[in-house]
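Contents: one structure, followed by commentary.
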Amino acid sequence: MTGENVRFEVLGPVRARVGSGEVPLGPPRQRAVLTALLLRAPRPVSAEAVIDTVWGASAPAGAVNLVQKYMSGLRGALPEPAGIVLTDAGYALTGADGAHALDLWEFEQSLAGARALRAAGNAAQAAAALTRATSLWRGPLAEGLSGPGIELERDRMAERLVGAYEDLYAVGLVLGRGPRDVPELARLAARHPQRERLHELLMRALVQAGRPTEALEVYAGVRGRLAEEYGTEPGPGLRAAQRWVLAGGDPEPEPAAGGPAGPARPTPRRGSATEDGAGADVPPVPVRPEQLPHPVAGFTGREAEAGRVTGLLLSGGTPLVCVEGTAGVGKTTLAVHCAHRVSGAFPDGRLFADLRGFDPLAPARPADVLGDFLRALGVPARQVPDGVDARAALFRSVLAGRRVLVVLDNAADAAQLRPLLPGPGQCAVLATSRRGLTGLAAVAGAHRVVLPVLSPGESALLLRTALGPAAAGDEGPLAEIARLCGHLPLALRVVAAGAATVPGLSPGDLATHLAAEGPLASAAAPDDERVSVTASLTLSYRRLDPAARRMLRLLGLVPGPDLTRRDAAAVSGLPAADTGRALTALTTAHLLEQHRPGRFRFPHDLLRAYAGQRAGEEEDPAVRRAAVGRLAARYTRLARALGGGQHRARPVAPDGTVGGPGAEPEAPAEAELPNVAAMVEYTARHGPYPVAWTLASLLHDVCKRRTLVTEWLTLAAAGLRAAHTAGDRLAAAGLSLTLVDACLTAGRVEAADEHARRALAVGRQEGWPDVVAAACEQLGRGRWLLGDLPRAGELLAEAVDTATAAGLPLATAKSLGALARVEADSGAWPAAHRHYRRALRISRALGVRYLEAVFLAELGVVHRGRGEPATALGVLESALALSRDDPDLCRPAALAHAYLAEVHAVDGREEEARAATREALRIAGEQGDPWALTEAHNAAGRSLTLLGATGEATDRHRAALRLSRTLPYRRGELHALAGLFTATGRPAWRREITAVAGHHAYDLTALLAG
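Going by our numbering, the first residue of the sequence shown is number 12, and it counts up by one from there.
In structure tokens:
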């Protein structure tokens, strides 16, 4: 077989074929590794990306070695010229750029060809192309293989396939094939009851078949189901189809096209449960984002570059256009101008992000940008997953089948851009960067447009436009100004803006003034790309009044992405009225912009750097420290308002020291969280270090309650670095425990165990009982998650004893609750009941509603285990009453609903049980809480089994099993296995649960009893 081309197939079981023969690809994991390469081909794939795709969070310690092993096995299996090479960017299939075939590419190419043919009016050939596309499928994508990334792509491609069938049958209606297609459309509509487009097509096909009454019955069935299950009406497409049928069905309008249609989603009534687009089983309502900034007034020149950029953006497929050039050359201006010119070709929205690639603090993190994009596209905030890879996968899925323009401004490098790119389809990406993005051109087929400085004629035209009548007359001064500014558009515009504020300043005077500034004389210096811009900014800076100049300097010390008037007042120490006047002066001079009402930012990172440079040159170090201290004190108040502060936080005085008098908390303002987080990162590097660990501690609660895991891990790590740098062992121990909690929530049990052991050693060495108690409690939780119940019980008992002896009631309550969970899982119901009752008394005395609600929900499980259903019902309803409509008590609310469903199911109350199940899954899903979602799936499965719906129950337990093994969460895994055995009766499930439960000391009888 050597020398022949290889055909790879992933639309079904993964195969590699040469001629009529099949290449043996080895064991399932090796096939999964090959799948990870094929899903991204022809781009290289890093080892980390392969691990995320195949193993995800449950990757073994030696995953990198396993990847190398499987790559070696694939190299031996694949015939020449196919093969696998290791490049700087990762593993790549040789010849994958055209020498070999891949059915996934053929599917996408057939869909694209069908769209073009249909747009050209050639319905018959479009139908043939769609038939070819759908016939490539032999089963689910990568059938039989597992892995988080594979499963995500499998779900996405399943949507693409249904969308292709929808397009096929829509074209079939145009060709008069409706009667022939009715049976298949009816089958698909039954399999996908939420896709309104399928029902619309079925209605039209029935009318073509002379069966209009059945078409109206289809509409009535969908409408009734939506009203009963969601309290909604059908969408506009289905309503239009009904009106068309009632009007006689003639003439035949072509059903709406639009790429692979996504799942239909109900149109919520105001005040309904799905109004915000959330819900466990209802996808988010699509939103058309309009994020492009206003184009720069008076845009001139750049006709050739603008023509090339717009032509590439409209070239079809998913073009990636990268505008490159030096700082201040006008990349953003050109990108925004071109984006507005082509906006009509992207009817599903325009996304924009400033990636802050050269921010002196840190570039924007792709995970944060993806979070903003997903929320802008209609994904509820609490359904945005943790981690850049998961967010990137969801971003690609949301954009599938939509025409969206994505503008990524000021990128640091190709690595920052890659996670932000849509998948194959109809979107377009326009990026800007100061750096050459040759890697993207080589790997992702990016089109590079290198932007030079303006020509002398373009520079003069820009100045005439910006200066207005004052620029009329002699062209000499304009040419001199352009020369001194290095023909950089940013410098030209800032100079013109400064000149406009000085009445009577002629172009000649302006040119003379610029020449006298000095730094502009070296504008072409190769070792400093900002020299000319610095001179331009200096002109505007010196035209400001002293108060505005001082404000600009001090704002250069602000590390966050933006600021409010109160932030500016804090950093400057000025009264509100004086602060407002200074901000107005800066915005008028275009040195600051108000990008949202009441929120300000620097228009360009060079301006931020310039302001910081001025502060370093003109402000005494003590003044700079005091300014940062005042802002830190304000952010501390905001952090208290956001997070509460039960985690060893100490107040920060206005001078930035810890222990000073604190002010009353302000109203919570979650828009400030990125700014507070930036202050943590800044002070962890530059000091004062106590600010970093204090703010990180204060934000612990809000991150935990709202499952902001990525932010939580980052903040805790920064605070811990600051504590180590300052040599504060107590602070380091406290931040280690905060990091332990974050790691446990993220499922990183081994990392959590390491940090907790260090904190425990320090606590015992120094004689700090609060640290010892907290460390034992966290270690016990980790052992419980892994299923080591005996060791978990020992550690948690020590935590209870230590906290009780030291007079630490909150620590005592937490440890008692954790110990009660261990006793319950061991089948020791009386001990669990005793610990929960004591923990409840303490939490109520302290007024900690979150703990009280959690303990009530879990106590309900204990009462049910003790055979006390009536008491369980009352306790769970108390938990719901306490947590209802409180966004900080989502986890206990989800747990209480989940466990309440089981109580209703035992008593045969099916409607109440199903309602409680739906609510539990909705809350846990919106919150993005995988632990609560695992419990909700298992509780739903047990309830459905009791109600006789074993098929639905099996689906729920399988979902819980996947989640629990990803986390890892041994209790959830065991309950899922037990539920699967109870629902199916298959002996294999009983054997597996018996082995696992016995190894970890779980009570098998309690597990199988549900």
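Virtual Cβ for every residue (Gly too), placed ideally from N, Cα, C.
Treat the numbers as computed from the prediction; the structure is a model and nothing was measured.
Based on Cα-Cα distance, which residue from the options lies nearest to residue i?
| i | options | result |
| --- | --- | --- |
| E869 | A125, L887 and I853 | L887 |
| V859 | L893, H874, G838 and G878 | L893 |
| D897 | V65, I934 and A135 | I934 |
| P24 | R165, A442 and R875 | R165 |
| A139 | L122, G150 and A964 | L122 |
| G450 | A426, V634 and A502 | A426 |
| Q1033 | P396, T224, T243 and E225 | For the chain, the structure presents residues 12 to 1021; residue 1033 sits outside this window and is missing. |
| D556 | A883, W255 and T595 | T595 |
| M562 | T545, P572, T549 and S583 | S583 |
| C333 | L462, A994, P841 and D397 | L462 |
| R313 | V409, F384, H498 and G87 | H498 |
| R794 | V298, R504, S747 and Y980 | Y980 |
| T329 | R414, V390 and D400 | R414 |
Report yes if the C-beta distance between residue i and residue j is below 7 Å; otherwise report no.
| i | j | result |
| --- | --- | --- |
| R236 | P245 | no |
| A924 | A916 | yes |
| R976 | G952 | no |
| A43 | L217 | no |
| A638 | L726 | no |
| P159 | G73 | no |
| V833 | L797 | no |
| A831 | H846 | yes |
| S57 | G30 | no |
| A835 | G791 | no |
| A728 | A734 | no |
| L421 | D379 | Correcting the residue type first, residue 421 is Asn in the shown sequence and not Leu. Contact flag unset, no. |
| A763 | V751 | yes |
| L489 | P518 | yes |
| A507 | A477 | yes |
| T928 | A907 | no |
For residue i, which three-state DSSP category applies?
| i | result |
| --- | --- |
| R188 | coil |
| L97 | strand |
| G32 | strand |
| E604 | strand |
| R759 | coil |
| A220 | coil |
| A422 | strand |
| L618 | helix |
| A534 | Confidence at A534 is low in this model, with a pLDDT of 32, below 50, so the placement of that residue should be treated as unreliable; the coordinate-derived value is given next. A534: coil per DSSP, three-state reduction. |
| S283 | Confidence at S283 is low in this model, with a pLDDT of 34, below 50, so its placement is unreliable and the value that follows should be read with caution. If DSSP states are grouped into helix, strand and coil, S283 belongs with coil. |
| Y102 | strand |
| L555 | coil |
| A999 | helix |
| A522 | helix |
| A131 | coil |
| F611 | strand |
| A626 | helix |
| V78 | helix |
| E984 | helix |
| T64 | helix |
Less than 6 Å between C-beta atoms, sequence neighbours within five positions excluded: which residues of the same chain meet that for residue i?
| i | result |
| --- | --- |
| A404 | L163 |
| L196 | Y180, L212, L213 and A216 |
| A423 | G368 and P374 |
| R18 | R28 and A112 |
| E491 | A522 |
| A387 | P300 |
| A258 | none |
Between which residues of its own chain and residue i is the CB-CB distance below 7 Å, once the five residues before and five after are set aside?
| i | result |
| --- | --- |
| A350 | L303, R361, L416, V418 and L441 |
Can you name, in chain order, every residue of its own chain whose Cβ lies under 8 Å from the Cβ of residue i, other than the five neighbours on each side?
| i | result |
| --- | --- |
| L857 | P820, L821 and A824 |
- Query: Mind pulling the beta strand (DSSP E) runs of 3 or more residues that sit fully within the segment 309–368?
  - Reply: 331–335 and 361–365
- Item | Residue ranges of each alpha helix (DSSP H) within the segment 137–207, 4 or longer | 159–185 and 189–202
- alpha helix (DSSP H) runs contained entirely in the segment 426–462, provided each spans 4 or more residues: 449–455
- Task: Run through the segment 713–755 for me and flag every whole alpha helix (DSSP H) of 4 or more residues, listed as ranges in chain order.
- Result: 720–737
- Message: At 4 residues or longer, what runs of the alpha helix (DSSP H) sit wholly inside the segment 778–842?
- Response: 780–796, 800–816 and 820–836
- Task: Report the residue ranges of all alpha helix (DSSP H) runs contained in full by the segment 881–927; include only those spanning at least 4 residues, in chain order.
- Result: 901–917
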